[in-house]
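Line order of the protein sequences matches chains A and B. Straight run, no breaks: the first sequence in our numbering ends on number 115. Straight run, no breaks: the second sequence in our numbering ends on number 110.
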Amino acid sequence: SQQGEEDPQALSIQEGENATMNCSYKTSINNLQWYRQNSGRGLVHLILIRSNEREKHSGRLRVTLDTSKKSSSLLITASRAADTASYFCATDGRRGSNYQLIWGAGTKLIIKP
Amino acid sequence: GAGVSQSPRYKVAKRGQDVALRCDPISGHVSLFWYQQALGQGPEFLTYFQNEAQLDKSGLPSDRFFAERPEGSVSTLKIQRTQQEDSAVYLCASSRGATGPEQYFGPGTRLTVT
């Protein structure tokens, strides 16, 4: 069963605009991670945020985490055509072990040139 | 360095056939995971190895699914008597330590059962 739910399911924006995706989850977590998946390259790890962190930056990516609301957001600034992909959030397992990741269904992001 | 590789990339099997999917993790990575991903969905956990020990196989959907990692490196996921509902992309991932958490994924094997 899937823990996370991404919102929106699909997002189409113009190149250069910012893209925001949200993730909600159900149980307490140790970490939350965001991954990107595009055809031919598989899943690529983007960023990890720990449960005691509220915000994290990596290049054009900004992730926030609100454990009281069990939600996270991923912001991609100044989007590029190469950002076209599906984005997934993943949380560690129900038993508190961080080896098993539980995934949402993903947000499909399309960047229009 | 080399990433996680999987073979074959595509497999078409007739219903009832057995298939074997291979995963070569990043050298030295302790943990190895198998996931199943249906079209338009996120990955679903199948099983987890720490070195050669299979510590969790709770996600395997039936006893037709079997995974092994006999020497703690290469892993094989075997599906016996394939059914149409087995059609999916099978992803392998590895991580450096025993508890991850960052996982490195292979490109996946797309299995189509006809």
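Built from N, CA and C at the ideal position, the CB exists for glycine as well. This structure is a prediction, so every number in the text was calculated from the model and none was measured.
Proximity test, Cβ basis, 8 Å: residue i and chain A
| i | result |
| --- | --- |
| phenylalanine 101 of chain B | yes |
| phenylalanine 61 of chain B | no |
| threonine 108 of chain B | no |
Cβ separation of residue i and residue j, assumed to be a contact under 8 Å, to the nearest whole Å
| i | j | result |
| --- | --- | --- |
| leucine 34 of chain A | leucine 67 of chain A | 6 Å |
| proline 21 of chain B | leucine 28 of chain B | 5 Å |
| lysine 114 of chain A | serine 14 of chain A | 6 Å |
| leucine 42 of chain B | glutamine 33 of chain B | Their Cβ separation, rounded to whole angstroms, is 10 Å, which puts leucine 42 of chain B and glutamine 33 of chain B out of contact at 8 Å. |
Chain B contact for residue i (CB, 8 Å cutoff)
| i | result |
| --- | --- |
| leucine 48 of chain A | no |
| alanine 84 of chain A | no |
| alanine 80 of chain A | no |
| alanine 107 of chain A | yes |
| leucine 13 of chain A | no |
| leucine 103 of chain A | yes |
| aspartate 68 of chain A | no |
6 Å CB neighbourhood of residue i in its chain, flanking five on each side removed
| i | result |
| --- | --- |
| glutamine 76 of chain B | Asp14, Arg60 |
Same chain, Cβ closer than 7 Å to residue i, neighbours up to 5 away in sequence not counted
| i | result |
| --- | --- |
| glutamate 98 of chain B | Ser91 |
| lysine 58 of chain A | Ile49, Ile51, Val65 |
Where residue i meets chain E, residues with beta-carbon distance less than 9 Å
| i | result |
| --- | --- |
| glycine 104 of chain B | Within the model displayed, chain E is absent; protein chains A and B are what it includes. |
Spatial neighbours of residue i in its chain, beta-carbon cut-off 8 Å, leaving aside the 5 residues before and after
| i | result |
| --- | --- |
| phenylalanine 101 of chain B | Val0, Leu87, Cys88, Ala89 |
query: Taking Cβ-Cβ distances below 8 Å as the criterion, which residues of the segment 79 to 99 of chain B are in contact with chain A?
result: So the list reads Leu87, Ala89, Ser91, Ala94, Thr95, Gly96, Pro97, Glu98, Gln99, given in the order they occur along the chain.
message: At a CB distance below 7 Å, what residues from the segment 37 to 54 of chain B approach chain A? Give them in sequence order.
response: Per Cβ criterion, the list reads Gln37, Gly38, Pro39, Phe41, Tyr44, Asp52.
- request: Could you run through the segment 16 to 39 of chain A and flag, in chain order, every residue whose CB is less than 9 Å away from some CB of chain B?
  value: Within the segment 16 to 39 of chain A, the residues whose Cβ lies closer than 9 Å to some Cβ of chain B are Asn32, Asn33, Gln35, Tyr37, Gln39, listed in chain order.
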